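Enquirer:
In this note's numbering, the protein residues as written are 351 to 592.
(1) Quick one: Cα of residue 465 to Cα of residue 549, how far?
(2) When the Cα atoms are used, what is the spatial distance from residue 553 to residue 506?
(3) Compare the beta carbon distance of residue 462 and residue 540 with 8 Å and say whether it is the shorter of the two.
(4) Can you check the segment 421-478 for any alpha helix (DSSP H) of at least 4 residues that lies completely inside it and give the ranges in chain order?
(5) Which value, in whole angstroms, describes the spacing of the CA atoms of residue 426 and residue 536?
(6) CB residue 439 to CB residue 448, shorter than 8 Å?
(7) Between the Cα of residue 388 and those of 568, 543, 514, spot the shortest distance and give me the residue it belongs to.
(8) Suppose you measure from the CA of residue 578 to the CA of residue 508; what does that come to, to the nearest Å?
(9) Can you tell me whether DSSP reads residue 543 as helix, strand or coil?
(10) Identify, in the order they occur along the chain, each residue of the same chain with its Cβ nearer than 7 Å to the Cβ of residue 445, setting aside the five sequence neighbours on each side.
(11) Do you know how far the Cα of residue 590 is from the Cα of residue 406?
(12) At which residue ranges does the segment 471-533 contain complete alpha helix (DSSP H) runs of 4 or more residues, listed in the order of the chain?
(13) Roughly how many angstroms lie between the CA atoms of residue 546 and residue 566, to the nearest whole one?
(14) Grab me the residues of residue 392's own chain with a C-beta within less than 7 Å of its C-beta, minus the 5 sequence neighbours each way, in chain order.
(15) For residue 489, count neighbouring C-beta atoms within 10 Å of its own C-beta (all shown protein chains included) and say buried if the count is 16 or more, exposed if not.
(16) Taking all protein chains shown into account, decide if residue 373 is buried (16 or more other Cβ within 10 angstroms of its Cβ) or exposed.
(17) In this structure, how does DSSP classify residue 378 when only helix, strand and coil are distinguished?
(18) Relative to the C-alpha of residue 404, which candidate in 451, 523, 573, 551 has its C-alpha closest?
(19) Which one of 584, 486, 382 has the shortest CA to CA distance from residue 419?
(20) For residue 313, tell me which candidate among 491, 415, 402 has the shortest Cα-Cα distance.
(21) Would you call the segment 495-504 and the segment 567-574 in contact, with 3 or more CB pairs under 8 Å?
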């Protein structure tokens, strides 16, 4: 009978089966091992009702408005995480790549948020201030603790799934009929363009490079962080309907 190990960052009383270490897993890529371990949450995040309705242009504006406000308030934490990753990165080239993505988030996405908020009649008071939803605060806490208490591998462990989940669902959405509402259509584009795909591929390569060399105990910690990040992505989408 397989043992169980507690999920220190998860829900009350939740346990996960003990997993085999990466070296014994048969996976060629460290990130492939991490993704497999995150199931069933990975599929729940990348095939969520929210992303399916967004792609089909059936998502209610009130749902997307709640989601977008929460996501915008999360951007500050995300940019801090990218900054930590750039500081921790082992090479100058890696630091420059992360800094370039930080600039993209601070310019392209900010412009998108402002135009979308105007179209959705989001009042100025809702665009600022601290995160209000519990899942947003939990996500904020996870990313900050991973960056401050760990190293490059731990920061990547929460950053990679956050971007990879979006690339996965958005790439699929980009292949079908596109939404008429610009704020849905452009949200797909932001996460399906070639530049974003190339960046996520590079991020995975970074984690694939450092992960296998970690001690087994640290690999387990990285896996727990990755799994927790994917779980919170599911709950973040869920919260838009609440």
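Even glycine gets a Cβ: it sits at the ideal position worked out from N, Cα and C.
Keep in mind it's a predicted model, so treat the numbers as computed, not measured.
Expert: Let's see:
(1) Rounded to the nearest angstrom, the two C-alpha atoms are 25 Å apart.
(2) Each residue's alpha carbon lies about 8 Å from the other.
(3) With respect to residue 540, residue 462 sits close: the two C-beta atoms are nearer than 8 Å.
(4) The DSSP assignment places 442-454, 460-469, 474-477 as complete runs of the alpha helix (DSSP H) inside the segment 421-478, in order along the chain (cut-off: 4 residues).
(5) The straight-line gap from Cα to Cα measures roughly 21 Å.
(6) Yes, the pair counts as a contact, with Cβ atoms nearer than the cut-off.
(7) The shortest C-alpha separation from residue 388 is found at 514.
(8) Their Cα atoms are separated by approximately 8 Å.
(9) Looking at residue 543 - three-state DSSP - the assignment turns out to be coil, as it is neither helix nor strand.
(10) Taken in chain order, the residues that qualify are 436, 439.
(11) Their Cα atoms are separated by approximately 17 Å.
(12) Listed in chain order, they are 474-477, 484-499, 502-524.
(13) The C-alpha of residue 566 is placed about 31 Å away from the C-alpha of residue 546.
(14) Counting only residues of its own chain and dropping the five nearest sequence neighbours on each side, residue 392 has a CB closer than 7 Å to the CB of 385, 580.
(15) Only buried fits residue 489, as 16 or more other CB atoms lie within 10 angstroms of its CB.
(16) Under this definition residue 373 is an exposed residue.
(17) Residue state, collapsed to three classes: coil.
(18) Closest by alpha carbon: 523.
(19) Ranking 584, 486, 382 by CA distance to the CA of residue 419 puts 486 first.
(20) Because the chain spans 351 through 592 in this model, residue 313 falls outside it and cannot be assessed.
(21) Yes: the two stretches touch, three or more of their Cβ pairs being nearer than 8 Å.
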